[in-house]
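Here is the structure we will look at.
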Amino acid sequence: MSLLRQQGVSENSMKITTDERRMYGDLAWLWPLMGQPDEEDWLAEAEEFVSAIQKYSRIQARTLLNLGCGGGKNDYTLKKYFAITGVDISENMLANARRLNPEIAYSVGDMRDARLGKMFDAVMIADSIDYMLTEDDLRAAFFTAFAHLKSGGVFCTYAETTRERFRQNETKCSTYARDNMDIAFFENSYDPDPTDTTYEYACVWLIHRAGKLEIETDHHLGGIFPLQTWRDLLQEVGFQVTLIEAPFNAPMFVCIKP
Ligand SMILES: C[S@@+](CC[C@H](N)C(=O)[O-])C[C@H]1O[C@@H](n2cnc3c(N)ncnc32)[C@H](O)[C@@H]1O
Numbered sequence: 541m542s543l544l545r546q547q548g549v550s551e552n553s554m555k556i557t558t559d560e561r562r563m564y565g566d567l568a569w570l571w572p573l574m575g576q577p578d579e580e581d582w583l584a585e586a587e588e589f590v591s592a593i594q595k596y597s598r599i600q601a602r603t604l605l606n607l608g609c610g611g612g613k614n615d616y617t618l619k620k621y622f623a624i625t626g627v628d629i630s631e632n633m634l635a636n637a638r639r640l641n642p643e644i645a646y647s648v649g650d651m652r653d654a655r656l657g658k659m660f661d662a663v664m665i666a667d668s669i670d671y672m673l674t675e676d677d678l679r680a681a682f683f684t685a686f687a688h689l690k691s692g693g694v695f696c697t698y699a700e701t702t703r704e705r706f707r708q709n710e711t712k713c714s715t716y717a718r719d720n721m722d723i724a725f726f727e728n729s730y731d732p733d734p735t736d737t738t739y740e741y742a743c744v745w746l747i748h749r750a751g752k753l754e755i756e757t758d759h760h761l762g763g764i765f766p767l768q769t770w771r772d773l774l775q776e777v778g779f780q781v782t783l784i785e786a787p788f789n790a791p792m793f794v795c796i797k798p
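Each number in our numbering comes from the position in the sequence shown (counting from 1) with 540 added on.
What follows is the structure, encoded as structure tokens:
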């Protein structure tokens, strides 16, 4: 019997099975400090969605539903082109979004089952589709997009984490200085079991505030699927699917509702 088992600790307890997501909960106050919406990275991401929507939509795109809109940094740019409605599962992230974009209508909802009772010219999901952990989750999120889209309208999402693109133990560090704080942010992605549909995303913040160091940690589960699964599920819910290169983001699925 292993030492861990003798101590009553399951050997699996070292594996991340819970989704803590402090980043969108008690640590959501850090989000506005980590990159401004008018900086190059955020602008480029939002502009890629604008170009794809304008190029591929078969109807005039005036209204846009942003599922998993988070702290509203994309919306800050998108609102120059579209009337935005934002939905996110985290009340704390929506509080950030409302501060940044007081004119936008935001509501709490889960992209797997939100039903707003309204139709939109375009729908997007950016940087939050990774939280779909099973094929059923992914299909449900795609169906939410389909259910809110007018005929001829376009749904765009990018496939940042796929089986093909995933790099084991990928680690990134970024730094920020704002409001008398210096922040170093480390992110790590690791897949302990390539036969299932999830991977682990762990992060650490070193926050220097008034000469004192605070250390915060968080861990999430993300979903990981082959690119073909994305395409199959999008077609299954009824979309006409095109995969385009998006130089700033990962490959982007541009999906028309017939
Ligand atoms: C990385 S943030 C998105 C950032 C966003 N693009 C922005 O402009 O600030 C990911 C977001 O996905 C949200 N999220 C995760 N699961 C969700 C779900 N099932 N439905 C809706 N939002 C979800 C989180 O609450 C978080 O705000």
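Ideal Cβ positions, reconstructed from N, Cα and C, are used throughout, including at glycine.
On a predicted model such as this, the values are computed, not experimentally measured, just so you know.
query	result
Residue burial classification, Pro798 (beta-carbon count within 10 angstroms, cutoff 16)	exposed
His759 - partner residues in DSSP beta bridges	Ala742
Any non-hydrogen atom of ligand 1 within 7 Å of Ser630 CB	yes
Spatial neighbours of Ala586 in its chain, beta-carbon cut-off 7 Å, leaving aside the 5 residues before and after	Asn614, Thr617 and Leu618
Backbone secondary structure at Ile764 - three-state DSSP	coil
Glu585, DSSP secondary structure in three states	helix
Local Cβ density within 10 Å of Asn636, reported as buried at 16 or more and exposed below that	buried
Residues bridged to Lys619 [DSSP beta-bridge criterion]	Beta-bridge pairing links Lys619 to no other residue.
Coarse secondary structure for Ala786, derived from DSSP in three states	coil
Phe660 beta carbon less than 8 Å from that of Lys690	yes
Rounded C-alpha distance that separates Pro732 from Glu740	8 Å
CA nearest to the CA of Ser729, picked from Val777, Leu761 and Thr782	Leu761
Through-space distance from Gly751 to Ala666, alpha-carbon basis	36 Å
Neighbour-count burial assignment, Gly565, 16 or more Cβ in a 10 Å radius	exposed
Counted within 10 angstroms of its Cβ, other Cβ atoms place Thr674 as buried (16 or more) or exposed	exposed
Cys713 Cβ short of 7 Å to ligand 1 heavy atom set	no
Pair within 8 Å by beta-carbon distance, His748 and Asp722	yes
Sub-8 Å separation of Asn641 and Gly612 beta-carbons	yes
Cβ-heavy atom distance, Cys609 to ligand 1, below 7 Å	yes
Buried or exposed by the 16-neighbour rule on C-beta atoms within 10 Å, applied to Trp569	exposed
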